[in-house]
Amino acid sequence: MYSSLVRLQNTFGFFTTVAFVVAAIIAASDLLAPRAPVVNTLEANNVQVATGRPHYYSNKKEEYASIRFTLDADLSSLFTWNTKQLFVYVTAEWPAAGSENATNQAVIWDTIITSPSADHLMNVGPATMKKLRKSAEGKSIDPSRGKISLKNQRPKYQITHPSGKLAEIDDVVLKLHYNVQPWVGALTWNQENLDVGLWKRLKGGVSEKFAFPAIKKKKEGGEKAKV
Numbered sequence: 014m015y016s017s018l019v020r021l022q023n024t025f026g027f028f029t030t031v032a033f034v035v036a037a038i039i040a041a042s043d044l045l046a047p048r049a050p051v052v053n054t055l056e057a058n059n060v061q062v063a064t065g066r067p068h069y070y071s072n073k074k075e076e077y078a079s080i081r082f083t084l085d086a087d088l089s090s091l092f093t094w095n096t097k098q099l100f101v102y103v104t105a106e107w108p109a110a111g112s113e114n115a116t117n118q119a120v121i122w123d124t125i126i127t128s129p130s131a132d133h134l135m136n137v138g139p140a141t142m143k144k145l146r147k148s149a150e151g152k153s154i155d156p157s158r159g160k161i162s163l164k165n166q167r168p169k170y171q172i173t174h175p176s177g178k179l180a181e182i183d184d185v186v187l188k189l190h191y192n193v194q195p196w197v198g199a200l201t202w203n204q205e206n207l208d209v210g211l212w213k214r215l216k217g218g219v220s221e222k223f224a225f226p227a228i229k230k231k232k233e234g235g236e237k238a239k240v
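To convert, count from 1 in the sequence shown and add 13; that's the numbering used here.
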């Protein structure tokens with residue numbers, strides 16, 4: 014006869030197998046949900062370059078760029094019943110000097126959009142949490158989640174470069190990226206060049222090219238002029 018320990022091990026092994034199979038089915042169900050993310054507008058509004066010290070004790074100044082932007086995107090199709098949250102971020106990208114294939118990339122803004130079932134994980138104040146709970150009442154998926162509309166948005170992060178130089182650089186573009194984080198399954202990133210079944214590649218998501226301006230310096234008398 015089997016001992017109590019053997020029976021316990023067999024029971025645990027059975028439930029572990031069942032849990033694994035259920036998790037695999039849940040993860041595979043994402044492939045049956047269509048994805049068609051669209052970026053209608055992404056453009057730089059106000060680009061400035063200034064100099065500053067990277068920290069208080071530094072004697073060397075570096076150039077920093079600040080980019081305001083407008084974004085209108087519909088990423089709501091990325092939310093399914095298995096979506097925990099969506100990480101969205103905007104980068105500024107430009108060709109690396111002296112290399113044909115290398116690209117400089119820096120994040121200027123990001124946000125996390127939770128699904129109604131994951132709102133409790135948000136580290137927000139009571140007023141914001143109350144709004145989230147109200148919008149999620151009776152819904153497994155909120156159709157308004159994933160719709161982003163920003164006008165002349167201030168960047169969260171100023172950007173710099175290891176060389177300390179950013180002024181008068183051409184061919185800069187803004188790009189939108191996303192990362193879908195499911196409750197069960199693998200993380201998936203934005204598709205830029207390929208459709209995979211019902212998952213369509215991101216439409217739009219790249220701004221027109223622009224340039225970092227020259228740094229403005231003060232003239233004698235307090236007036237400002239470009240270098």
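We put the beta carbon where it would ideally sit given N, CA and C, even for glycine.
Item to complete: For W212, I'd like the list of residues in its chain whose CB is within less than 6 Å of its CB, leaving aside the five on either flank, ordered along the chain.
Response: R48
| said: Does H190 come out as helix, strand or coil in the three-state DSSP assignment? | reply: strand
Open item on the list: Within the continuous alpha helix (DSSP H) that includes A86, where are the two ends?
Closed with: Here A86 belongs to no alpha helix (DSSP H); instead the beta strand (DSSP E) covers E75 to D87.
| field | Nearest neighbour of V120, chosen from S176, E75 and V186 [CA to CA] | value | V186
So within the region 175-231, which uninterrupted beta strand (DSSP E) runs reach at least 3 residues, ignoring any that extend past its ends? 186-195 and 229-231
Just how far apart, CA to CA, sit S42 and P195?
11 Å
Validate contact between the region 52-62 and the region 78-96 using beta carbons, cut 8 Å, 3 pairs: yes
### Query
Taking Cβ positions, are V209 and N95 nearer each other than 8 Å?
no
Q) Using DSSP with H/G/I as helix, E/B as strand and the rest coil, what is T24? A) helix
**Prompt:** Is the region 114-134 in contact with the region 148-166, if contact means three or more CB pairs nearer than 8 Å?
**Reply:** yes
ask   = Straight-line CA distance for G217 to D87?
value = 11 Å
Query raised in the report: Under three-state DSSP, which class holds D155?
Result: coil
What's the C-alpha gap between T173 and V193? 28 Å
### Task
Classify A78 as buried or exposed, calling it buried when 16 or more other Cβ atoms lie within 10 Å of its own Cβ.
buried
**Prompt:** Can you tell me the Cα-Cα spacing of L163 and V52, whole angstroms?
**Reply:** 12 Å
- prompt: When burial is assigned at 16 or more other CB atoms within 10 Å of the CB, is A238 buried or exposed?
  reply: With a pLDDT of only 49 at A238, under the threshold of 50, the placement of this residue in the model should not be trusted; the figure read from the coordinates follows. That one is exposed.
Straight-line gap, D132 to A105 (C-alpha atoms, nearest Å): 30 Å
| query | Considering only the beta carbon of each residue, do T116 and A110 sit closer than 8 Å? | reply | no
Counting pairs of Cβ atoms below 8 Å between the region 62-70 and the region 214-228, do you hit three or more? yes
- Message: Less than 7 Å between C-beta atoms, sequence neighbours within five positions excluded: which residues of the same chain meet that for K97?
- Response: S128, A131, Q194, P195 and W196
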